[in-house]
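Heads up, the thing below is written out as structure tokens.
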Amino acid sequence: MKVVLGVILAVVLLAAGVGAGIYYTQSAKSASSSDAEKTSAAANPILFYPMKRFVASVSDENYSRYLVLELSLSTHDQAFLAQLEQQSPVLRNVLVQYFANYSREQAKQAFENVGKVQQSLLQKFNEALKLQKIDSKLEQVLITNVYLQ
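Residue numbering for the sequence shown follows our numbering, beginning at 601 and increasing consecutively.
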């Protein structure tokens with residue numbers, strides 16, 4: 601009987617030791633992968649391309665009105681950042697097409713939800729860049745200033 605209890609105790613202790621070993625091994629792996637992600641993010645920071653100020657006329661019944669936007673585009677790819685400068689006319693054309701038929705009231709209403717405008721422009725910019733045979737994609741469009749006159 602004592603032998604059976606001794607064997608059972610040995611099996612339980614062995615199982616606990618194996619379980620603890622697996623737990624600590626997984627903890628060490630996740631810590632090292634977290635460190636690798638931090639190192640990767642530090643080695644590959646977010647890069648911003650500030651676009652030139654964009655001005656578009658918006659319709660109003662009585663007066664000439666203008667929408668002025670300042671945008672920054674973000675990516676992690678240094679080579680893509682250089683391509684953005686070359687593709688700036690294409691991106692500005694997207695802005696013209698997007699805001700061409702806006703009235704002052706439509707623009708005012710649209711910019712009540714800036715995040716939605718940013719997401720829509722991101723999608724349109726990436727579509728336009730794809731048509732230019734550019735494989736990289738923008739990660740973010742940030743509207744840094746809006747003036748509605």
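Backbone N, C-alpha and C fix where the C-beta goes; we use that ideal spot for every residue, glycine too.
Predicted, not measured: the structure shown is a model, and the values here were computed from it.
In three-state terms, what does DSSP make of residue i?
i              : result
glutamine 740  : strand
asparagine 726 : helix
serine 720     : helix
Rank the options by C-alpha distance to the C-alpha of residue i and give the top, closest one.
i              : options                           : result
methionine 651 : Gln740, Glu670 and Tyr666         : Glu670
tyrosine 747   : Leu647, Asn644 and Tyr666         : Tyr666
lysine 724     : Phe711, Asn713 and Phe699         : Phe699
lysine 716     : Gln749, Val741 and Phe654         : Val741
glutamate 551  : Arg653, Pro645 and Glu661         : The question about residue 551 has no answer here: the residues shown for the chain are numbered 601 through 749.
aspartate 677  : Gln749, Asn726, Gln718 and Pro645 : Pro645
Buried or exposed: residue i, going by 16 or more other Cβ atoms within 10 Å of its Cβ?
i             : result
threonine 744 : exposed
alanine 707   : buried
leucine 731   : exposed
leucine 738   : buried
tyrosine 663  : exposed
For my contact list, residue i and residue j are in at a C-beta cut-off of 8 Å; report their separation, rounded to the angstrom.
i           : j           : result
alanine 656 : leucine 691 : Wrong, their Cβ atoms sit about 14 Å apart, outside the cutoff.
serine 703  : serine 659  : 5 Å
serine 674  : leucine 647 : 7 Å
**OP:** Can you check the stretch 667-711 for any alpha helix (DSSP H) of at least 4 residues that lies completely inside it and give the ranges in chain order?
**Re:** You should have 678-686, 688-699 and 704-710.
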